[in-house]
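Structure record follows, encoded as structure tokens.
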Amino acid sequence: MEQGSEENMESSWTLLSWLASGVMVFGGAVPYVPQYQEIQRTNNTEGFSTRVCLVLLVANILRIFFWIGKQFELPLLLQSVVMILTMLAMLHLCCSIQSSNRVSTKQHHITDLDLRYFWSWSSFEDYLMFCFAFTLLCAFITFLFLDWVLFVEALGSLAVMFEAMLGLPQLLQNYNNRSTRGMRSLFLHQNIFGEMYHYITISPMDPLQ
Numbered sequence: 003m004e005q006g007s008e009e010n011m012e013s014s015w016t017l018l019s020w021l022a023s024g025v026m027v028f029g030g031a032v033p034y035v036p037q038y039q040e041i042q043r044t045n046n047t048e049g050f051s052t053r054v055c056l057v058l059l060v061a062n063i064l065r066i067f068f069w070i071g072k073q074f075e076l077p078l079l080l081q082s083v084v085m086i087l088t089m090l091a092m093l094h095l096c097c098s099i100q101s102s103n104r105v106s107t108k109q110h111h112i113t114d115l116d117l118r119y120f121w122s123w124s125s126f127e128d129y130l131m132f133c134f135a136f137t138l139l140c141a142f143i144t145f146l147f148l149d150w151v152l153f154v155e156a157l158g159s160l161a162v163m164f165e166a167m168l169g170l171p172q173l174l175q176n177y178n179n180r181s182t183r184g185m186r187s188l189f190l191h192q193n194i195f196g197e198m199y200h201y202i203t204i205s206p207m208d209p210l211q
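Residue numbers for the sequence shown follow the working numbering, so the first one is 3 and each next one is one higher.
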């Protein structure tokens, strides 16, 4: 009887562990689902700053390379992969809508090397090119300094620093628009809760402690 109870308890803990891992992996991306649907429904991207995508793409790419240097929990690594895919999906939607609504025929591309239009490019492929180039740069530098503990810790610190700036692009967007139109309150509340939960319990910097 006791053995059966222990097995049931172990099964329950295993199930809870899997559920917690699932929440950890997909929890960060969930707030962007209603935002994606809102943009798709209204065919308007004014309420969403694509620089949020920039911040999260850079942060999560850095976190992946931090994992290479100093392994932390696998669900957190998968969380970064899911978040990168989510941000690329958001960028793809925004580019599609902006392209269909564009009045001017003038286009801007990453190959123009014009800093005035950095992260304001006309096609989704430009954003992919940036992510690919940034990933290659990180891979090269990480390969050179992988055995240097301070470098690995710096990667983790940079990832956390970028995530800490997550709200800034959206605040600037709202200030420039003089409005929060298009930004769902659910997205805002979930984002705040998610960031608090992340820094209190599951920060990738935990292995450094």
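All residues carry an ideal CB built from backbone N, CA and C; glycine is no exception.
Nothing here was measured: the structure is a model prediction, and the numbers come from that model.
Under a Cβ-count criterion, where at least 16 other Cβ atoms within 10 Å of its own Cβ denotes burial, should residue i be classed as buried or exposed?
| i | result |
| --- | --- |
| Trp15 | exposed |
| Gln73 | exposed |
| Arg118 | exposed |
| Gly24 | exposed |
| Leu21 | exposed |
| Met198 | For Met198, the predicted structure reports a pLDDT of 48, less than 50, and the residue's modelled location is therefore unreliable. The matter cannot be settled from this model. |
| Ile143 | exposed |
| Phe50 | buried |
| Thr47 | buried |
| Gln42 | exposed |
| Thr113 | exposed |
| Gln109 | exposed |
Would DSSP call residue i helix, strand or coil?
| i | result |
| --- | --- |
| Pro33 | coil |
| Trp150 | coil |
| His94 | helix |
| Asp128 | helix |
| Gly184 | Here the model assigns Gly184 a pLDDT of 47, short of 50, so the residue's position is not dependable, and the following value carries that caveat. Gly184 falls in the coil class under three-state DSSP. |
| Ser101 | helix |
| Thr52 | coil |
| Phe136 | helix |
| Phe164 | helix |
| Ser19 | helix |
| Ser82 | helix |
| Glu155 | helix |
If we define contact as Cβ-Cβ less than 8 Å, is residue i a contact residue for chain C?
| i | result |
| --- | --- |
| Val54 | Absence of chain C from the displayed structure is noted, only one protein chain being present. |
Is the separation between the beta-carbon of residue i and that of residue j shorter than 8 Å?
| i | j | result |
| --- | --- | --- |
| Phe126 | Leu93 | yes |
| Leu64 | Cys133 | no |
| Phe68 | Ala166 | no |
| Asn103 | Met85 | no |
| Ser124 | Ser98 | no |
| Val60 | Phe164 | yes |
| Gly30 | Gln81 | yes |
Going by the C-beta, is residue i closer than 7 Å to any heavy atom of the ligand ZN?
| i | result |
| --- | --- |
| His111 | Among the components modelled here there is no ligand, and therefore nothing to report on the ligand ZN. |
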